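Peer 1: Add 216 to a position in the sequence shown, counting from 1, and you land on the number used in this note's numbering.
Glycine included, every Cβ here is placed at the ideal spot set by N, Cα and C.
Keep in mind the model is a prediction, meaning the values are calculated, not measured.
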Amino acid sequence: MMSSLNAIVPMTCVTAAAIAAMTAEAFREPGERMPIGPLGVIGLIGAAIASLALWNHNATSFGVVSADNFGLFVTWILIVVGVLSLAISAPTIERERLPQGEYYALMLFALAGMMLMAMASDLLVVFLALEVMSLAVYVLTGIRRDSAVASEAAFKYFLLGAFASAFFLYGIAFTYGLTGSTRLDRVGSLIAAQAMAPTPMQLLAVGLLLVGFAFKVSAVPFHMWTPDAYEGAPAAVTGFMSTGVKAAAFAAFFRVFLAAFEPLRADWWAIIWAIAAATMILGTVVGVAQTSVKRMLAYSSIAHGGYLLVALVSANDFAKGAVLFYLLAYAVTNLGAFGVLALLDDGERANDRVRDFAGLWNERPRLAALMTIFLLSLGGFPPTAGFIAKWYVFTAAVKAGYYWLAIIGMLTSVISVFFYLRIVVMMYMSPAAEPARVPCVPRLAAAALVASAILVFYLGILPTRVLDWAAASISTIF
217 MMSSLNAIVP MTCVTAAAIA AMTAEAFREP GERMPIGPLG VIGLIGAAIA
267 SLALWNHNAT SFGVVSADNF GLFVTWILIV VGVLSLAISA PTIERERLPQ
317 GEYYALMLFA LAGMMLMAMA SDLLVVFLAL EVMSLAVYVL TGIRRDSAVA
367 SEAAFKYFLL GAFASAFFLY GIAFTYGLTG STRLDRVGSL IAAQAMAPTP
417 MQLLAVGLLL VGFAFKVSAV PFHMWTPDAY EGAPAAVTGF MSTGVKAAAF
467 AAFFRVFLAA FEPLRADWWA IIWAIAAATM ILGTVVGVAQ TSVKRMLAYS
517 SIAHGGYLLV ALVSANDFAK GAVLFYLLAY AVTNLGAFGV LALLDDGERA
567 NDRVRDFAGL WNERPRLAAL MTIFLLSLGG FPPTAGFIAK WYVFTAAVKA
617 GYYWLAIIGM LTSVISVFFY LRIVVMMYMS PAAEPARVPC VPRLAAAALV
667 ASAILVFYLG ILPTRVLDWA AASISTIF
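Okay, structure coming up:
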């Protein structure tokens with residue numbers, strides 16, 4: 217019995233830290249300063265140690281959670297996201313007087329759901345993990361109770377998320393009705409054993425599941441919630457959900473479609489091809505018109521989701537390393553960008569408009585330099601992680617024969633350079649319109665941003681080892 221529990225140890229560590237954070241908040245005296253954030257770091261360290269111990273062991277729990285190398289690699293990405301998010305969140309919690317116990321507990325519960333989602337090998341467990349993650353993120357989105365914008369964003373996110381979850385659950389029900397199982401391995405083998413043309417019911421099941429996943433990864437046309445939720449939530453929360461939610465959702469997306477529904481690949485690849493193209497185009501074109509950096513990064517996130525869908529469509533040996541590498545590169549880059557936004561918020565003004573970045577180089581040269589690094593990586597400039605990630609994704613598409621998809625990806629990537637460089641130009645070449653009110657940068661948050669920048673360059677200059685680990689990890693599912 218104990219051996220069957222090994223696979224869930226990483227998420228158990230994070231869940232225990234979340235419970236500890238809630239308990240500490242409950243016993244905290246009014247006005248007492250209690251360092252609750254380190255409890256989360258301890259839980260994440262425990263999860264990292266457990267994940268390292270499970271590497272190459274392919275442990276399973278009850279047949280529905282699989283701690284294979286693919287799930288563990290995504291878990292490490294989520295641990296990086298968690299540690300950086302905790303560090304970046306500290307100034308926001310103090311400045312806006314947010315309930316730190318609730319904040320950290322919600323973030324840790326969301327991380328536990330993300331880890332479970334990455335390792336789930338049963339559709340019902342995927343759904344359970346998705347809901348654990350989503351409910352925590354909904355509350356985090358509206359955690360600023362005195363903000364009407366945050367409340368509206370959380371409500372929209374919750375309402376649309378509930379509809380997407382209903383579609384996903386219906387897809388699970390149809391899958392069970394057709395195969396008699398929700399286990400991914402059994403579903404795949406039963407569909408393959410039929411060796412006949414897919415039935416309309418099979419295609420309906422795939423379509424319903426696709427709707428649920430497309431919502432979570434902000435794919436067109438299920439992206440409507442993304443700009444409002446990103447703009448309404450605190451920047452630190454936005455960075456967390458733009459990276460953690462996307463990593464967990466794509467992990468489950470790839471596992472389900474490349475394990476359970478691989479026999480139906482000939483029927484679903486064209487749909488995902490079209491969704492990928494539309495997602496890249498819309499995310500880029502609409503992003504150009506944004507004046508809010510948060511909304512611009514929201515549409516940037518949509519476009520990056522399209523690039524990851526290109527890897528799913530390609531699904532060849534070259535795409536294997538690209539998928540997980542892209543998730544890691546995007547996570548550290550986007551968290552860094554939103555981390556800068558979080559530090560620029562002075563409590564009176566969000567400083568998240570493009571014009572607010574005018575003259576930042578003169579006022580806060582280090583923050584400007586860090587933001588430049590993150591924006592160049594998002595744009596795919598060498599020698600950053602974003603360049604390597606996009607190079608491998610587009611190369612995978614070319615090698616798979618999807619030339620038009622690769623062309624669309626490269627063109628949208630070039631167009632996106634405009635709105636990334638627009639901010640850089642404002643920081644270095646435009647005078648500040650009014651005196652800057654940039655608060656002092658706490659050391660912990662600054663260290664998190666510097667670590668993100670170092671990872672951006674490391675992945676861009678020395679990507680081979682990480683790419684090899686990523687390819688070997690994803691080989692455990694396809």
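Just grab the DSSP bridge partners of V281 for me.
Peer 2: As a working note, residue 281 is residue 65 in the sequence shown. S277, A336, per the DSSP bridge assignment.
Peer 1: Give me the Cβ distance between L419 and D362, rounded to the nearest whole Å; I'm assuming they're in contact under 8 Å.
Peer 2: Within the sequence shown, residue 419 is the residue found at index 203, counting from 1. Within the sequence shown, residue 362 is the residue found at index 146, counting from 1. With a Cβ gap of about 47 Å, L419 and D362 do not count as contacting.
Peer 1: Go through its chain and collect everything with a Cβ distance to F171's Cβ below 7 Å, but skip five positions before and after it.
Peer 2: Because residue 171 is not part of the residues shown, which for the chain are 217 to 694, the question remains open.
Peer 1: If you drop the 5 nearest sequence neighbours on each side, which residues of the same chain put their C-beta closer than 8 Å to that of M218?
Peer 2: The residue you call residue 218 lines up with position 2 of the sequence shown. Annotation note: pLDDT 42 at M218 (below 50); position unreliable, no value reported.
Peer 1: In whole angstroms, what separates the C-alpha of V353 from that of M457?
Peer 2: Translated into the one-based positions of the sequence shown, residue 353 becomes position 137. Translated into the one-based positions of the sequence shown, residue 457 becomes position 241. Cα to Cα, V353 sits roughly 7 Å from M457.
Peer 1: With a threshold of 7 Å on Cβ separation, who are the neighbours of F597 within its own chain once the five nearest residues in sequence on each side are excluded?
Peer 2: Locating residue 597 in the sequence shown gives position 381, where the first residue counts as 1. For F597, where only same-chain residues beyond five positions count, the Cβ hits under 7 Å are F603.
Peer 1: Are there three or more Cβ pairs, one per stretch, closer than 8 Å when the region 483-499 is compared with the region 423-440?
Peer 2: yes
Peer 1: When you compare only the Cα positions, how much space is there between E781 and G448?
Peer 2: The structure shown does not extend to residue 781, since the chain is modelled only from 217 to 694, so the question has no answer here.
Peer 1: Rounded to a whole number of angstroms, what is the C-alpha to C-alpha distance between A612 and V230?
Peer 2: In the sequence shown, residue 612 corresponds to position 396, counting from 1. In the sequence shown, residue 230 corresponds to position 14, counting from 1. Using only the alpha carbons, I get a separation of about 35 Å.
Peer 1: Would you give the residue range spanned by the alpha helix (DSSP H) that R481 belongs to?
Peer 2: Locating residue 481 in the sequence shown gives position 265, where the first residue counts as 1. Run containing R481: 481-504, per the alpha helix (DSSP H) assignment.
Peer 1: Quick one: measure Cβ to Cβ for E347 and S305, integer angstroms, because I've assumed they're closer than 8 Å.
Peer 2: As a first step, residue 347 is located in the sequence shown; it is residue number 131 there, counting from the start. As a first step, residue 305 is located in the sequence shown; it is residue number 89 there, counting from the start. About 23 Å separates the beta carbon of E347 from that of S305, a gap too long to meet the 8 Å contact definition.
Peer 1: Does the beta-carbon distance from L559 to A661 come in below 8 Å?
Peer 2: Locating residue 559 in the sequence shown gives position 343, counting from the first residue. Locating residue 661 in the sequence shown gives position 445, counting from the first residue. For L559 and A661, yes; Cβs fall inside 8 Å.
Peer 1: My understanding is that T291 touches A263, with C-beta atoms under 8 Å, so please give their C-beta distance in whole angstroms.
Peer 2: The residue given as residue 291 occupies position 75 in the sequence shown. The residue given as residue 263 occupies position 47 in the sequence shown. That pair is a contact at about 7 Å.
Peer 1: From what residue to what residue does the alpha helix (DSSP H) around T549 run?
Peer 2: Taking the first residue of the sequence shown as 1, we reach residue 549 at position 333. From DSSP, the alpha helix (DSSP H) with T549 extends over 533-560.
Peer 1: Would you report the Cα separation of A283 and T276, rounded to the nearest angstrom?
Peer 2: Residue 283 sits at position 67 when you count from the first residue of the sequence shown. Residue 276 sits at position 60 when you count from the first residue of the sequence shown. Rounded to the nearest angstrom, the two C-alpha atoms are 6 Å apart.
Peer 1: How would you call D568, buried or exposed, if buried means at least 16 neighbouring beta carbons within 10 angstroms?
Peer 2: Translated into positions along the sequence shown, residue 568 becomes position 352. Burial call: buried.
Peer 1: Do you know whose CA, among L528, A601, V504, lies nearest A547's CA?
Peer 2: Counting from 1 along the sequence shown, the entry for residue 547 is found at position 331. For A547, the nearest C-alpha among the options comes from A601.
Peer 1: With distances taken from CA atoms, which of Y446, L385, I693, L637 is nearest V472?
Peer 2: Against the sequence shown, residue 472 aligns to sequence position 256. Closest option to V472, Cα to Cα, is I693.
Peer 1: Do you know how far the Cα of M250 is from the Cα of R244?
Peer 2: As a position in the sequence shown, residue 244 is number 28, starting the count at 1. As a position in the sequence shown, residue 250 is number 34, starting the count at 1. Whole-angstrom Cα-Cα distance: 7 Å.
Peer 1: Write down the C-beta distance between P599 and I487 rounded to the nearest angstrom, noting that I regard them as a contact closer than 8 Å.
Peer 2: Mapped onto the sequence shown, residue 599 falls at position 383. Mapped onto the sequence shown, residue 487 falls at position 271. Between I487 and P599 the Cβ distance is about 36 Å, and since that is not below 8 Å, they are no contact.
Peer 1: So for S267, helix, strand or coil by DSSP?
Peer 2: Residue mapping note: residue 267 aligns to position 51 of the sequence shown, counting from 1. Three-state DSSP puts S267 in a helix.
Peer 1: Please classify T680 as buried or exposed, where buried requires at least 16 other C-beta atoms within 10 Å of its C-beta.
Peer 2: Numbered from 1 along the sequence shown, position 464 holds the residue referred to as residue 680. With fewer than 16 other Cβ atoms within 10 Å, it is exposed.
Peer 1: Excluding five sequence neighbours on each side, which residues of the same chain lie with their C-beta closer than 6 Å to the C-beta of I631?
Peer 2: Taking the first residue of the sequence shown as position 1, residue 631 is located at position 415. Correct list, in chain order: T500.
Peer 1: From L480 to Y446, what distance separates their C-alpha atoms?
Peer 2: Taking the sequence shown and counting its residues from 1, the one referred to as residue 480 is at position 264. Taking the sequence shown and counting its residues from 1, the one referred to as residue 446 is at position 230. Going by C-alpha positions, L480 is about 35 Å away from Y446.
Peer 1: Residues in its own chain within less than 6 Å of P307 by CB, not counting five upstream and five downstream?
Peer 2: As a working mapping, residue 307 is identified with position 91 in the sequence shown. If we look at P307 and ignore the five residues flanking it on each side, its Cβ neighbours are P658, A661.
Peer 1: Distance check for A408 and F673, CA to CA, integer angstroms please.
Peer 2: Locating residue 673 in the sequence shown gives position 457, where the first residue counts as 1. Locating residue 408 in the sequence shown gives position 192, where the first residue counts as 1. The straight-line gap from Cα to Cα measures roughly 43 Å.
Peer 1: Residues in the same chain with beta-carbon distance under 6 Å from L498, minus the five sequence neighbours each way, listed in chain order, please.
Peer 2: The count along the sequence shown starts at 1 and reaches residue 498 at position 282. Same-chain partners within the cutoff: V436.
Peer 1: Taking the beta carbon of I670 as the centre, do at least 16 other beta carbons fall within 10 Å, making it buried, or is it exposed?
Peer 2: On the sequence shown, residue 670 is found 454 positions in, with the first residue counted as 1. Label assigned to I670: exposed.
Peer 1: Could you have a look at R311 and say whether DSSP puts it in helix, strand or coil?
Peer 2: Looking up residue 311 in the sequence shown gives position 95. If DSSP states are grouped into helix, strand and coil, R311 belongs with the helices.
Peer 1: Is R659 helix, strand or coil by DSSP?
Peer 2: Numbered from its first residue, the sequence shown carries residue 659 at position 443. Reduced to three states, the DSSP call for R659 is helix.
Peer 1: Is the Cβ-Cβ distance between L424 and F469 less than 8 Å?
Peer 2: The sequence position of residue 424 within the sequence shown is 208, counting from 1. The sequence position of residue 469 within the sequence shown is 253, counting from 1. Not closer than 8 Å, so no.
Peer 1: Look up C569 in the DSSP assignment and say whether it is helix, strand or coil.
Peer 2: If you number the sequence shown from 1, residue 569 lands on position 353. The sequence given here has Arg at residue 569, not Cys. Strand at R569.
Peer 1: Within 8 Å, do at least three Cβ pairs link the region 618-631 to the region 579-589?
Peer 2: no
Peer 1: Can you give me the Cβ contacts of T549 inside the same chain, cut-off strictly under 7 Å, excluding the 5 residues immediately before and after it?
Peer 2: Within the sequence shown, residue 549 is the residue found at index 333, counting from 1. Taking T549 as the centre and dropping the five residues before and after it, the same chain places the C-beta of F590, S593, L594, A601, G602, V672 closer than 7 Å to its C-beta, in chain order.
Peer 1: Which whole-angstrom value describes the C-beta separation of M333 and L356, a residue pair presumed to lie in contact below a C-beta threshold of 8 Å?
Peer 2: As a position in the sequence shown, residue 333 is number 117, starting the count at 1. As a position in the sequence shown, residue 356 is number 140, starting the count at 1. Between L356 and M333 the Cβ distance is about 17 Å, and since that is not below 8 Å, they are no contact.
Peer 1: List the whole-angstrom C-beta distance separating A514 from P443, where the pair is believed to meet the contact cut-off of C-beta under 8 Å.
Peer 2: Working through the sequence shown from its first residue, we reach residue 514 at position 298. Working through the sequence shown from its first residue, we reach residue 443 at position 227. The Cβ separation is near 4 Å, so the contact holds.
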